[in-house]
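Here's the structure we're looking at; comments come further down.
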DNA sequence: TCCTTAATGATAATGATTCTCATTATCATT
DNA sequence: AATGATAATGAGAATCATTATCATTAAGGA
C-alpha cells in the first residue's frame, strides 16, 4: 500500500501511455531507480531497490516490466557473460549513449562514450547499407570490446 | 568406447597443447563439430552432435570445454537474447570474422561480413585509443545491430 | 608400461527467468 | 466520484541452462 513514488519525466509516461500501457506503481518504481543511476543493474538489484519505494512489488513484475521496457525501447538489456542480464535506461538525463569494455577475467565493465562522432558516421553508413541489403529495420546497436583490464593483464 | 574422431587442423591442437591441455575425445568431438558448420550452435546441439562422434561424452564436458575454448580464444560465445548461449569457432576454414543483425521479435540472426574493410580501420583506431586510455588489452569485439527483420516489421 | 594428475561422466544443485492464475488496480467512461 | 472492462499484479511453482561435486578414467611424459 505505502508508496514513495516520485514524479518522473513526462516523456517516459507518454511513451507508455501511447502504447496503451498503464502507469502502475511497480513501473514507476523501476523507472525511478533506473533514472537515478548510471550503472547497469541486475533484476535482483532493481527488485530490492524497488521494494524501498513500493514494498509490495513482486519479482515477477520486475522481470515483466523490464521486458516490456526493453521491447518498447525505453530500456537496454545487456549480457556481459555473467549468468544474469543487466539493464539501464536507454535515454534520459543520466544516460549517454555508450559502449563497453569488458574484462573477460574479472568481468569489470568500463563504459566509454568519447570520440563517438566518427563512430556515428560509420554506423550511419553501415546501418543504411545493411537495412537495404537485408531488409532489417535497425533500431539500435551494441559495440563491445572484450579483453583484459589492466590488473588482470598484469596478473597473467 | 567407440569413437569416430577425425584428424583436425594441427594448429588448434598446438594451441591446446601449448597451454598444457590434453587432447581428449570430448574435445576432439566438439572441435570437429564446430569446424563443420558456420552456424552458431547451442551447447545442447553440440552435445547431441558430439554423441554421434563419441557416444560416451557427457553434457558437463561440453560446457567445461566450451568455456575453456572461449577462454583461450578458440571459440566465440554469443548471447542473442535467448536463454541460452551460442558458440562458434573463432577462426578456421569455415569461419569468417563477422557481425550480426538480430531481430528482436523472432530472434532471427543474420551474419554479415561484407564491407568489413572500412570497419577494420575504424576499429583499429578505436582499439588503440581505448587501450591507451583505459589500460585494457583488447582481444576481440562484437558489433550487433538489433531491430526488426523484414517479416516482423511488416507484421506490426 | 607406469604414474601423475588433468579430465571425465553421472547426477545433484543452483539460480535466473518464466509461467500460472486468482486477485487487484488503472483509467476511460459515465 | 462511481463503474466496469481488462491490464497488471503478487505469490509461488515450474522451467531449464549452466555449475558444482566427486569418484573414476585416461592422456601423455617418464
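Protein chains in written order, with the working numbering: chain A, 57 to 212; chain B, 57 to 212. The C-beta atom is built at its ideal place from N, Cα and C for all residues, glycine as well.
Look at the Cβ atom of residue i, then the Cβ atom of residue j, and state whether they are nearer than 7 Å.
| i | j | result |
| --- | --- | --- |
| residue 166 of chain B | residue 146 of chain B | no |
| residue 97 of chain A | residue 143 of chain A | yes |
| residue 196 of chain B | residue 113 of chain A | no |
| residue 79 of chain A | residue 89 of chain A | no |
| residue 178 of chain A | residue 178 of chain B | yes |
Let me make sure I understand the geometry here. Which of the options has the alpha-carbon closest to that of residue i?
| i | options | result |
| --- | --- | --- |
| residue 205 of chain A | B:134, B:194, B:177 and B:164 | B:194 |
| residue 99 of chain B | B:190, B:73 and B:126 | B:126 |
| residue 156 of chain B | A:173, A:159, A:190 and A:177 | A:190 |
| residue 153 of chain B | B:121, B:176 and B:208 | B:176 |
| residue 164 of chain A | A:140, A:207, A:180 and A:179 | A:207 |
| residue 198 of chain B | A:113, A:118 and A:158 | A:158 |
| residue 124 of chain A | A:76, A:136 and A:182 | A:76 |
| residue 92 of chain A | A:182, A:65 and A:188 | A:65 |
| residue 200 of chain A | A:140, A:162 and A:134 | A:134 |
| residue 81 of chain A | A:117, A:136 and A:178 | A:117 |
| residue 68 of chain A | A:136, A:187, A:128 and A:110 | A:128 |
| residue 182 of chain B | A:173, A:188, A:180 and A:185 | A:173 |
| residue 122 of chain A | A:111, A:73, A:70 and A:141 | A:141 |
| residue 137 of chain B | B:161, B:111 and B:185 | B:161 |
| residue 187 of chain B | A:209, A:188 and A:184 | A:209 |
Considering residue i, what are the terminal residues of the alpha helix (DSSP H) in which it resides?
| i | result |
| --- | --- |
| residue 200 of chain A | Residue 200 of chain A -> not in any alpha helix (DSSP H); beta strand (DSSP E) instead, spanning 193-204. |
| residue 95 of chain A | Segment: none, residue 95 of chain A is in no alpha helix (DSSP H) and carries neither H nor E. |
| residue 223 of chain B | Residue 223 of chain B cannot be examined here, being either before or after the span of chain B that is shown, 57 to 212. |
| residue 40 of chain A | Beyond the ends of chain A as shown, which are 57 and 212, falls residue 40 of chain A; an answer cannot be given. |
Taking the beta strand (DSSP E) that residue i falls in, what are its first and last residues?
| i | result |
| --- | --- |
| residue 135 of chain B | Residue 135 of chain B -> no beta strand (DSSP E), and no H or E assigned at all. |
| residue 167 of chain A | 165-168 |
| residue 144 of chain B | 142-145 |
| residue 155 of chain A | 155-159 |
Hey, would you say the C-beta of residue i is under 6 Å away from at least one heavy atom of the ligand GDP?
| i | result |
| --- | --- |
| residue 99 of chain B | With respect to the ligand GDP, the structure offers nothing, as it holds no ligand at all. |
_Tell me which residues of the region 176-191 of chain B have at least one Cβ-Cβ distance to chain A shorter than 7 Å, keeping chain order._
Of all residues in the region 176-191 of chain B, only 178, 183, 185, 186, 190 and 191 come within less than 7 Å of chain A when Cβ atoms are compared, listed by chain position.
*asked:* Assess contact between the region 77-88 of chain B and the region 103-120 of chain B, defined as three or more Cβ pairs (one per stretch) separated by less than 8 Å. Is contact present?
replied: Yes, since at least three Cβ pairs between the region 77-88 of chain B and the region 103-120 of chain B fall closer than 8 Å, the two stretches touch.
*Listed from N- to C-terminal order along the chain, which residues in the region 68-89 of chain A have their beta-carbon within a distance smaller than 9 Å of any beta-carbon of chain B?*
none
*asked:* For the region 194-210 of chain A, list every residue whose C-beta sits within 7 Å of some C-beta in chain B, in sequence order.
replied: 194, 195, 196, 197, 198, 199, 200, 201, 202, 203, 204, 205, 206 and 209
*Taking Cβ-Cβ distances below 8 Å as the criterion, which residues of the region 139-159 of chain B are in contact with chain A?*
157 and 159
*Which residues, in chain order, does the region 113-140 of chain B contribute to contact with chain A at a C-beta distance below 8 Å?*
127, 133, 135 and 137
_Give me the subset of the region 89-112 of chain B whose CB atoms are less than 8 Å from a CB atom of chain A, sorted by chain position._
none
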